[in-house]
Amino acid sequence: MVLYSIPGINFYGGSAGGTSIGPNLSGPAVFVDNTFDYDDSVMINKGRHAIALGGNFKRYQMNHLNEPWVYGGTFTWETIESFLTNNPRNTTQLLGFTIPGSQMADVYRGWRQSYGAAYLQDDFKARSNLTLNLGLRWEGIRSPREVNGKLAVLNNIYSDKEFNLLTRNDPLFHTTDAFKGFSPRVGLAWTPFSDQKTVFRSGFGMFKEMPLAYIWQLALQAPPYAERFTVIRPALKFPFPFANPNLVASAGEPLIMPLEVKIPYTLQWTFSVERQVGQSLVFKANYVGTRGVNLFAIYNPNQKPTIIQNGRQFTPPNAQVPNPNFTSYRYVAPICDQIYNALQLVVEKRLRAGLAFNASYTWSRNIDDGGGAGIKGAEQISGAASFAVYNGQDFSSDRGLSSLHVELNFILAYTYEFPYGSGRHWGKQSSGPLRYLLADWSLNGSDTIRSGLPVNIQMTPRQSGCMAQSCNERPDLRPGGNNNPVLDHWTPERYFDPSNFVVQPMGYFGNVGRNTLIRPGQVNLNLSFIKDNHLGEGKNLEFRAELFNFLNHPNFGAPGNNVFSHADGTLDPNVGRITTTSTTMRQIQLGLKLIF
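What the sequence shown shows, in the numbering used here, is residues 1361 to 1956, in sequence order.
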């Protein structure tokens, strides 16, 4: 598939609020992907054993030409008058005209990689009330190769002057544990009482996160096959000439990978108690834990060396970077860990007397040290900023709440069939207008109430000596200050008190932890009314009235988290201000569906 685009035309401002003509999609792009997949499995039932074994082999061929920074572009005019006089306010990302600092030299890649797995599992009925699940899984993967050898690496990140070119047979990286080790799985289910209404369940498993597609895209950004350019762009009129502007190669911040890559994996465990009450009600209490190991994160190993001064890490003013051939680079490495623990309480009512619901409450804590990108995908790793480790010489300084941490989460889903209509308590034989107005109604709901996600307190001045393009510089906490200073009676104009923070002295890393501020939570209640109109012969005309956020509750987004705009302590004008919402306003949707 090949995608191209033409420029879009935008009219900005005016009473109509602006309008657009034509697309401005990215392109050109070519995707030719092949996956050869072979699976086989065998089931053996013998006595008290139910044995499953099998294997899987995959061969990946991914042929991509995908330049994410070449777009169809846009012309933007302030008014109709400026359009008629051919005076656009600005032009962006036009075909043949690159954006400053973002053009790649060669973006076609033909990736090849192989993956294999085998497993064995035995569900063993040890006793009539005890079942054991015992399993073992093996996985192996080859490092990706590029068919034309368009790859380059740094053999020594601290001394190499330039990237070393690879041939078509050279792997992008080596994995010392790619074909080693097994992933065990253990579980049990025990029903201790004769009424068989109480069940204890427990399990443990190891799950590998094989480095697949997201790694391939990262390798696009290593010189010399990916270069950044400074664009000298002339003023343009419409129509525009199809000609390249002047391109001047500039020193960039390459995204590189280590030569030795450890395989990320997670350890998962759970313990639960389940009790049935009556014929339709079930109570569950679960403890769930997860630990992530060797998760990918981005940091700058070419950071100036630090010393300990006044009990804190300090960057001397005369310090030099380890590799003077580069200012900085984004290094993607499996350096981070993650731990998640949660208590889950669940009440489930199966459909009876027209009512069914599932209510769950989760109290959890999710901690990591800046990782998580290893299982999130290239779109997040290549973003760099959100996963960049603050201090590349002290990963522990980034250990804090995960960006996905939600401490409290309550979810309720329910359905209620009104007791009038076909097969219900009343009105089984109703007919005429009464039937079409009152019969066969049901109410459904989906409600979520949860606490807010963490926000990382940052500032603009680079006091620590960070030289990377993406620095999540953090300030100091004022003595006696609160690192989560949310106001008791906050407003969208002032969510937290920035006076709890101060600019640290030059050369020091800020002592405010990562992700200490908690943004507003979310209350989202959704309703739907459904009426069935039976038309005979298996036909049904379903009417739906759906109300999303039916209370029209405002769910605010994240506050401005950049505290200081200058080293003298000048506050950023948007600090603590909330200008977005995380959900839409109340929306009502009506629909008819004919089922036959």
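Even glycine gets a Cβ: it sits at the ideal position worked out from N, Cα and C.
The structure presented is a predicted model; accordingly, all values stated were derived computationally and were not measured.
Beta-carbon proximity check, residue i vs residue j, cutoff 8 Å
{"i": "residue 1529", "j": "residue 1470", "result": "no"}
{"i": "residue 1714", "j": "residue 1618", "result": "no"}
{"i": "residue 1621", "j": "residue 1694", "result": "yes"}
{"i": "residue 1882", "j": "residue 1915", "result": "yes"}
{"i": "residue 1834", "j": "residue 1818", "result": "yes"}
{"i": "residue 1703", "j": "residue 1647", "result": "yes"}
{"i": "residue 1616", "j": "residue 1570", "result": "no"}
{"i": "residue 1531", "j": "residue 1503", "result": "yes"}
{"i": "residue 1855", "j": "residue 1938", "result": "yes"}
{"i": "residue 1901", "j": "residue 1887", "result": "no"}
{"i": "residue 1418", "j": "residue 1397", "result": "yes"}
{"i": "residue 1849", "j": "residue 1813", "result": "no"}
Bounding residues of the alpha helix (DSSP H) (the contiguous stretch that carries residue i)
{"i": "residue 1544", "result": "That residue, residue 1544, is in no alpha helix (DSSP H); its beta strand (DSSP E) goes 1543-1550."}
Endpoints, the beta strand (DSSP E) within which residue i is located
{"i": "residue 1873", "result": "Per DSSP, residue 1873 belongs to no beta strand (DSSP E) and is neither H nor E."}
{"i": "residue 1721", "result": "1715-1728"}
{"i": "residue 1694", "result": "1690-1712"}
{"i": "residue 1868", "result": "Here residue 1868 belongs to no beta strand (DSSP E), and DSSP marks it neither H nor E."}
{"i": "residue 1795", "result": "Where residue 1795 is concerned, there is no enclosing beta strand (DSSP E), although the alpha helix (DSSP H) it sits in stretches over 1792-1798."}
{"i": "residue 1947", "result": "1947-1955"}
{"i": "residue 1778", "result": "No beta strand (DSSP E) contains residue 1778, which DSSP labels as neither H nor E."}
{"i": "residue 1850", "result": "1846-1851"}
{"i": "residue 1856", "result": "1854-1856"}
Classification of residue i by the beta-carbon crowding that lies within 10 angstroms, buried from 16 upward
{"i": "residue 1501", "result": "buried"}
{"i": "residue 1796", "result": "exposed"}
{"i": "residue 1614", "result": "buried"}
{"i": "residue 1510", "result": "buried"}
{"i": "residue 1815", "result": "buried"}
{"i": "residue 1824", "result": "buried"}
{"i": "residue 1845", "result": "buried"}
{"i": "residue 1661", "result": "buried"}
{"i": "residue 1874", "result": "buried"}
{"i": "residue 1601", "result": "Reliability fails at residue 1601, whose pLDDT of 41 lies under 50, so the model's placement of it is uncertain and the value that follows must be treated cautiously. Residue 1601 is exposed by the Cβ-count criterion."}
{"i": "residue 1463", "result": "Since pLDDT at residue 1463 reaches only 48, below the 50 mark, its modelled position is unreliable, and no value is offered."}
{"i": "residue 1948", "result": "exposed"}
{"i": "residue 1399", "result": "exposed"}
{"i": "residue 1377", "result": "Annotation note: pLDDT 40 at residue 1377 (below 50); position unreliable, coordinate value reported separately. Its Cβ having fewer than 16 others within 10 Å, residue 1377 is exposed."}
{"i": "residue 1950", "result": "exposed"}
{"i": "residue 1518", "result": "exposed"}
{"i": "residue 1754", "result": "exposed"}
{"i": "residue 1777", "result": "buried"}
{"i": "residue 1635", "result": "exposed"}
{"i": "residue 1864", "result": "buried"}
{"i": "residue 1525", "result": "exposed"}
{"i": "residue 1930", "result": "exposed"}
{"i": "residue 1781", "result": "buried"}
DSSP beta-bridge partners of residue i
{"i": "residue 1498", "result": "1478"}
{"i": "residue 1565", "result": "1545, 1628"}
{"i": "residue 1930", "result": "According to DSSP, which records beta bridges pairwise, residue 1930 is partnered with nothing at all."}
{"i": "residue 1891", "result": "1801, 1903"}
{"i": "residue 1509", "result": "Looking at the DSSP assignment, residue 1509 forms no beta bridge with any residue, so it has no partner."}
{"i": "residue 1808", "result": "1771, 1884"}
{"i": "residue 1413", "result": "1402, 1480"}
{"i": "residue 1539", "result": "Paired residues: none, contrary to the question."}
{"i": "residue 1908", "result": "1947"}
{"i": "residue 1418", "result": "1397, 1475"}
{"i": "residue 1994", "result": "This structure leaves residue 1994 out entirely; the chain is present only between 1361 and 1956."}
{"i": "residue 1749", "result": "Bridge partners of residue 1749: none, in fact."}
{"i": "residue 1766", "result": "Beta-bridge pairing links residue 1766 to no other residue."}
{"i": "residue 1959", "result": "Lying before the first or after the last residue shown, residue 1959 is absent from the chain, which here runs from 1361 to 1956."}
{"i": "residue 1514", "result": "Looking at the DSSP assignment, residue 1514 forms no beta bridge with any residue, so it has no partner."}
{"i": "residue 1491", "result": "1485, 1549"}
{"i": "residue 1534", "result": "1620"}
{"i": "residue 1470", "result": "1423"}
Residue i Cβ short of 7 Å to the ligand FMN heavy atom set
{"i": "residue 1615", "result": "Absence of the ligand FMN from the depicted structure is noted, as is the absence of any ligand whatsoever, leaving it without description."}
Exercise for review: Report the residue ranges of all beta strand (DSSP E) runs contained in full by the stretch 1598-1684; include only those spanning at least 3 residues, in chain order.
Suggested key: 1606-1609, 1625-1637, 1641-1659, 1667-1669, 1672-1674
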